[in-house]
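Novice: Handing you this structure, nothing more for now.
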Amino acid sequence: LASLSAAAADLDSLEERYWNDVNDLELLLRAHTEERGALLAKIDRAGQRLQLLKNTSVLYDAFKIWHDGPFGTISGFRLGRTPEVPVEWDEINAAWGQAVLLLHTMAQVMLMMIQHRLLPMGSHPRVADKRATYDLFGPVSKLWSANYDRAMVAYLACLREFGEHAKKKDLQGGKPTQFNFPFPIDGDKVNNHTIKLTLNKDVRWTKALKFMLANLKVRHHVVPRTVRQRRWRRSRGAACNLGHPQQLGRQSSFTG
Numbered sequence: 001l002a003s004l005s006a007a008a009a010d011l012d013s014l015e016e017r018y019w020n021d022v023n024d025l026e027l028l029l030r031a032h033t034e035e036r037g038a039l040l041a042k043i044d045r046a047g048q049r050l051q052l053l054k055n056t057s058v059l060y061d062a063f064k065i066w067h068d069g070p071f072g073t074i075s076g077f078r079l080g081r082t083p084e085v086p087v088e089w090d091e092i093n094a095a096w097g098q099a100v101l102l103l104h105t106m107a108q109v110m111l112m113m114i115q116h117r118l119l120p121m122g123s124h125p126r127v128a129d130k131r132a133t134y135d136l137f138g139p140v141s142k143l144w145s146a147n148y149d150r151a152m153v154a155y156l157a158c159l160r161e162f163g164e165h166a167k168k169k170d171l172q173g174g175k176p177t178q179f180n181f182p183f184p185i186d187g188d189k190v191n192n193h194t195i196k197l198t199l200n201k202d203v204r205w206t207k208a209l210k211f212m213l214a215n216l217k218v219r220h221h222v223v224p225r226t227v228r229q230r231r232w233r234r235s236r237g238a239a240c241n242l243g244h245p246q247q248l249g250r251q252s253s254f255t256g
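Count the sequence shown with UniProt numbering and you get residues 1 to 256, in order.
Here you go:
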């Protein structure tokens, strides 16, 4: 009888330890489940944040292009003037400065070889070719503004080349539809409106500048996506060809 009592006591002790172990395991499992859930939530939030950052365009945030009545605007500065609203030259110069800086930055990002050189210099931007450097700031007279006209036409040529480059890339990539500006550029004209100021009407000149900024806005939305695609191709190439450095230091004649 005594031996049976001892065996029963041992069995009770084993059963107690068993249930204690089960309870401990359940607590550990619950803690692990909660920790796993918290970690998955963090991963999900990090993924959402990463996607947000991927979709963020620094150029778009830094150079907001919009409109204000008859004027196209960039970074809040109006580009052009009308008889009813004679915008000060200081504001027009600031707008051109932002437009030159944006296109200059896009050229550096895209590593493009373009004929002209953009010289962003605050409110005194310039455009240069092999022959001379042209001032893209006023005040200037509508009766004789040849230097200013050449600077604007040269800037427009740079923008046109960006569009041609984008279209070429679409063709090479086999896309069913190729990139085109909403307002065609032909020489000194945007959507059949000359960008030259000499002997031009302020209203038509301002409309041409508005069309130009609209094209610039469409093009600078494309740049971040193109850069992400190039980085993705580079990362794949680096993974497949370790030990073969890629050439990243190409200089654009467009940016000087």
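Beta carbons: idealized from backbone N, C-alpha and C, even for Gly.
Nearest-angstrom Cα distance between Asp196 and Trp205?
Specialist: Note that residue 196 is Lys in the sequence shown, not Asp. When rounded, the distance between both Cα atoms is 7 Å.
Novice: Which residue wins for smallest C-alpha separation from Val203, given the options Arg30, Val127, Met112 and Thr82?
Specialist: Thr82
Novice: What is the rounded straight-line gap between the Cα of Cys158 and the Cα of Gly174?
Specialist: Roughly 25 Å between the two C-alpha positions.
Novice: Report all residues from its chain with a CB closer than 6 Å to the CB of Tyr155; omit the five preceding and five following residues, and keep chain order.
Specialist: Val127
Novice: Give the range of the beta strand (DSSP E) segment to which Leu118 is assigned.
Specialist: Start and end: Arg117 to Leu119.
Novice: Can you give me the C-alpha to C-alpha distance between Val87 and Arg49, rounded to a whole angstrom?
Specialist: 41 Å
Novice: CA-CA distance, Ile65 and Ala38?
Specialist: Rounded to the nearest angstrom, the two C-alpha atoms are 41 Å apart.
Novice: Return the CA-CA distance between Glu15 and Asp24, expressed in angstroms with no decimal places.
Specialist: C-alpha separation (whole angstroms): 14 Å.
Novice: Give the DSSP-derived three-state secondary structure of Asp129 in the structure shown.
Specialist: coil
Novice: By the 10 Å Cβ neighbour count, where 16 or more other Cβ atoms means buried, how is Asp186 classified, buried or exposed?
Specialist: exposed
Novice: How would you write the range of the beta strand (DSSP E) that Phe71 sits in, first residue to last?
Specialist: Phe71 -> beta strand (DSSP E) spans Phe71 to Ile74.
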